[in-house]
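Chain order of the listed sequences is A and B. Take the first sequence: its position 59, counting from 1, is numbered 206 in this note's numbering, and each next residue is one higher. Take the second sequence: its position 24, counting from 1, is numbered 171 in this note's numbering, and each next residue is one higher. Ideal placement from N, C-alpha and C gives every residue a C-beta, glycine not left out. Comments concern the structure below.
Number of protein chains: 2
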Amino acid sequence: MNFADRIKKHSPQFTPAEHRIADVLFSSNLLGGLDTVAKLAERARVSGPTVLRFASKLGFDSFPDMQGFLRDDIQNRLASPLDLYGRQSSQTGKNTLCTEAADIFSDGIKRTLERIDTQTLEKVADLLSDSSHAVYLVGGRFTHHLAEILWGHLHQLRPRAYILRTGVVSPRDHLVDIGRRDVLVVFDMRRYQEDIVELAEFAKLRRATVILVTDPLLSPIARVANQVLTCDLDAPSPYDSLVPMMAVLELLVAAVTTAAGEKGRQRIVEIEQLRHFGETNSAS
Amino acid sequence: MNFADRIKKHSPQFTPAEHRIADVLFSSNLLGGLDTVAKLAERARVSGPTVLRFASKLGFDSFPDMQGFLRDDIQNRLASPLDLYGRQSSQTGKNTLCTEAADIFSDGIKRTLERIDTQTLEKVADLLSDSSHAVYLVGGRFTHHLAEILWGHLHQLRPRAYILRTGVVSPRDHLVDIGRRDVLVVFDMRRYQEDIVELAEFAKLRRATVILVTDPLLSPIARVANQVLTCDLDAPSPYDSLVPMMAVLELLVAAVTTAAGEKGRQRIVEIEQLRHFGETNSAS
DNA sequence: CCTAAAATGAAGCGTTTGTTTCAACATCTT
DNA sequence: AAGATGTTGAAACAAACGCTTCATTTTAGG
């Protein structure tokens, strides 16, 4: 139930002063409820305690408690305009799950990419394309695969790009060579894994540059990261979505490709030649 | 000038910690700014003073001053429904790469998901949720990682889901057990790899059901596949994009989660318990 | 490598806040 | 009219807040 409904539900039990508070709230799109008790009381021409009784009558344990609920409510309302557009189009089409999913994904990507500022993107692209230092990549349970994919692209564009895997040599051991001017790219979304956090902290200890790709709740790594890119998680399933993070990844690839320039192109040609050499050798 | 523009205007002068605050604000539709200094600081993983310096850097006399401005700003946004659309105009082609990329990705996803018809989706979801047969997953050079991710989800929802990797046991050898009622999911996009094609043909020979996720140019596997899902490839870089394919993958997860129903939920609980058991055991 | 400058957070301060108590007031009942 | 019931705000209080100071850490330049 949203906040407005909650007020309407209890309005029969309101006293005159409480009705005045409700009026003030409605006339401000409920936003007046985010002010202080004193300010709201003044606007409704009632006293502080009356405002508090109002909040408690709505079933909240405290005034800040009510404000928290109200914030969530308003956040929903700010996010919903897209829902309206989505529902309109879904009436013409048949298949709700697909169109709904498309809207969720599009929305997540748009918000995620809009959040990225040019400066950060350029800085990250520079760091990833500069082959005078090494780049290490690592990710968590699911995000590891994104690290692998970025590695696949990065490897084509520049030398000294390494992926950290759990294997015979542990990621931590692999990082033993990381140094001052090197870069560690970490993909970490919620249920932030301790081992990944430790890894990032170790890299930071070695004074490496840490680039973090995470969700808006921010991995603990954000504290030590030099550059942070946040990606929405909204999915049509109960799980978190990797789609916006994948979009960010490919945006980075695009930026790095540009930044790598001629050097990168030459390297791709070399790799191509090497691959054909291998194929013709093993195929025969 | 609205609040978002004000942040963007000052963002070049931001320190890393301040950038993190900006990220948290944007990812909450700026609503996080109405919280207390301490709460906002905690969410951005910075200290209180940093939040105050952030507010003062934006030109506000105090934090409550900033909140007042922000409340007005949000009220304006609530009054006019054109929210996301209006934001582009306030920037007018500043960071074109990001907005352009967002459009490319959104379009790719929308076209891809609109193409999927309900029948195919349901059939695939049924096949993937039915644990009376085994499900094998495989992918190419890049798409392998998508197969891994789908496996990660599928494994949580049902038994007998296997990923084919190149290792000590080759994918081909691993498939030796595949039978009439089993399912092979293949991710294959252009530069269709021969080994993957052969694998699919082998599975078909064994009369298994083949589900193919590919690009609109269609992998050769489409000839033998029982169900085909096509995904656009348009990326902001010269490479092919995996974003729409990732979207399809997560759509499948959503559909399978629904189809798996109570059985799937029980399995998740079991896995959770097992994981905690392992943690408490190894942590001590 | 070292040093100057910038960035950041811990601790503490004074203020404001939300909250409680209780007396004054209004309204309704008999 | 007098009491009972419900409503309201002034005052006092403890908790939480925003804010300042300053030492520490981090970064950048020679």
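How is residue i classed by DSSP in three states: helix, strand or coil?
i                         : result
valine 315 of chain A     : coil
threonine 162 of chain A  : coil
leucine 322 of chain B    : helix
isoleucine 310 of chain B : strand
threonine 259 of chain A  : helix
leucine 205 of chain A    : coil
leucine 396 of chain A    : helix
threonine 453 of chain B  : Because chain B spans 148 through 431 in this model, residue 453 of chain B falls outside it and cannot be assessed.
valine 198 of chain A     : helix
valine 271 of chain A     : helix
serine 237 of chain A     : Here serine 237 of chain A scores only 41 on pLDDT, less than 50, and its place in the model is too uncertain to base an answer on.
leucine 177 of chain A    : coil
valine 487 of chain B     : Summary: the structure shown does not reach residue 487 of chain B, with chain B confined to residues 148 through 431, and so no result is reported for it.
leucine 217 of chain A    : helix
leucine 389 of chain B    : coil
leucine 380 of chain B    : coil
asparagine 223 of chain B : helix
arginine 192 of chain A   : coil
arginine 414 of chain A   : helix
aspartate 264 of chain A  : coil
aspartate 230 of chain B  : Unreliable positioning characterises aspartate 230 of chain B in this predicted model, as indicated by a pLDDT of 45, which lies under 50. The coordinate reading is nonetheless provided below. Coil.
My guess is that residue i and residue j are in contact by the Cβ rule of under 8 Å, so how many angstroms apart are they, rounded?
i                         : j                         : result
tyrosine 339 of chain A   : histidine 300 of chain B  : Between histidine 300 of chain B and tyrosine 339 of chain A the Cβ distance is about 19 Å, and since that is not below 8 Å, they are no contact.
histidine 392 of chain A  : leucine 275 of chain A    : The sequence shown places methionine at residue 392 of chain A, rather than the histidine named in the question. Not quite, the Cβ-Cβ distance comes to about 16 Å (not below 8 Å), so this is no contact.
arginine 305 of chain A   : arginine 412 of chain A   : No, arginine 305 of chain A and arginine 412 of chain A are not in contact; Cβ-Cβ is about 11 Å, not under 8 Å.
leucine 359 of chain B    : alanine 248 of chain A    : Going by Cβ atoms, the distance from leucine 359 of chain B to alanine 248 of chain A rounds to 20 Å, so no, they are not a contact pair.
threonine 259 of chain A  : aspartate 379 of chain A  : 5 Å
cysteine 245 of chain B   : isoleucine 256 of chain A : The pair is not a contact, with the Cβ atoms about 10 Å apart (cut-off 8 Å).
aspartate 168 of chain A  : valine 198 of chain A     : The question names aspartate, but residue 168 of chain A is isoleucine in the sequence shown. Indeed, because the Cβ distance is near 6 Å, the residues count as touching under 8 Å.
arginine 327 of chain A   : arginine 370 of chain A   : That pair is no contact at about 20 Å.
asparagine 223 of chain B : leucine 225 of chain A    : No, asparagine 223 of chain B and leucine 225 of chain A are not in contact; Cβ-Cβ is about 11 Å, not under 8 Å.
alanine 272 of chain B    : arginine 307 of chain B   : So it is not a contact: roughly 16 Å between Cβ atoms.
leucine 389 of chain B    : isoleucine 296 of chain A : 7 Å
Here's the rule: buried if 16 or more other CB atoms are within 10 angstroms of the residue's CB, otherwise exposed. What is residue i?
i                            : result
phenylalanine 424 of chain B : exposed
proline 363 of chain B       : exposed
threonine 265 of chain B     : exposed
methionine 148 of chain B    : exposed
histidine 166 of chain A     : exposed
leucine 231 of chain A       : Because the pLDDT of leucine 231 of chain A is 41, which lies under 50, any placement of that residue in the model is unreliable, and the number read from its coordinates should be weighed accordingly. Result: exposed.
serine 253 of chain B        : buried
valine 315 of chain A        : exposed
valine 416 of chain A        : exposed
serine 209 of chain A        : exposed
leucine 352 of chain B       : exposed
isoleucine 418 of chain A    : exposed
serine 158 of chain A        : exposed
aspartate 219 of chain B     : exposed
serine 174 of chain B        : buried
Judging by CA-CA distance, which residue of the options is the nearest neighbour of residue i?
i                            : options                                   : result
arginine 200 of chain B      : B:Thr361, B:Gly215 and B:Pro163           : B:Pro163
leucine 346 of chain A       : A:Gly408, A:Gly287, A:Leu389 and A:Glu165 : A:Gly287
glutamate 269 of chain B     : B:Phe161, B:Thr405, B:Asp324 and B:Ile415 : B:Thr405
serine 279 of chain A        : A:Lys410, A:Pro159, A:Val171 and A:Glu189 : A:Lys410
threonine 313 of chain B     : B:Ile343, B:Asp335, B:Val332 and B:Arg337 : B:Ile343
lysine 156 of chain B        : B:Arg167, B:Lys204 and B:Pro196           : B:Lys204
leucine 187 of chain B       : A:Leu365, A:Gly180, A:Leu421 and A:Phe349 : A:Leu365
phenylalanine 349 of chain A : A:Thr361, A:Glu189 and A:Asp324           : A:Asp324
valine 130 of chain B        : A:Val395, A:Val400, A:Ala401 and A:Ser384 : Not covered by the structure: residue 130 of chain B. The range shown for chain B is 148 to 431.
valine 330 of chain B        : B:Val316, B:Trp298 and B:Val315           : B:Trp298
glutamine 303 of chain B     : B:Ala151, B:Val315 and B:Leu421           : B:Leu421
methionine 336 of chain B    : B:Asp219, B:Phe150, B:Thr377 and B:Gly408 : B:Thr377
glutamine 160 of chain B     : B:Asp208, B:Ala382, B:Phe252 and B:Ala202 : B:Ala202
serine 317 of chain B        : B:Val285, B:Ile154 and B:Phe210           : B:Val285
alanine 117 of chain A       : A:Leu389, A:Asp277 and A:Val357           : The requested residue 117 of chain A is not part of the displayed model; chain A covers only 148 to 431.
valine 332 of chain B        : B:Val357, B:Ala185 and B:Phe207           : B:Val357
alanine 382 of chain B       : B:Asp250, B:Val171 and B:Glu189           : B:Asp250
proline 211 of chain B       : A:Ala151, A:Arg319, A:Gly206 and A:Leu181 : A:Leu181
aspartate 435 of chain A     : A:Phe334, A:Glu341, A:Gly206 and A:Ala185 : Because residue 435 of chain A is not part of the residues shown, which for chain A are 148 to 431, the question remains open.
arginine 319 of chain A      : A:Phe289, A:Arg218, A:Ser174 and A:Tyr283 : A:Tyr283
glutamine 214 of chain B     : A:Pro196, A:Gly179 and A:Phe150           : A:Gly179
histidine 291 of chain B     : B:Phe334, B:Leu322, B:Leu217 and B:Val193 : B:Phe334
Closer than 7 Å to a non-hydrogen atom of the ligand FMN - does that hold for the CB of residue i?
i                        : result
aspartate 387 of chain B : Questions concerning the ligand FMN fall outside what the structure shown contains, since it holds no ligand whatsoever.
- List in chain order: all unbroken beta strand (DSSP E) runs of 3+ residues lying wholly within the segment 273 to 304 of chain A. 282 to 286
- Sequence ranges, beta strand (DSSP E) only - wholly within the segment 324 to 368 of chain B, length at least 3: 330 to 335 and 356 to 361
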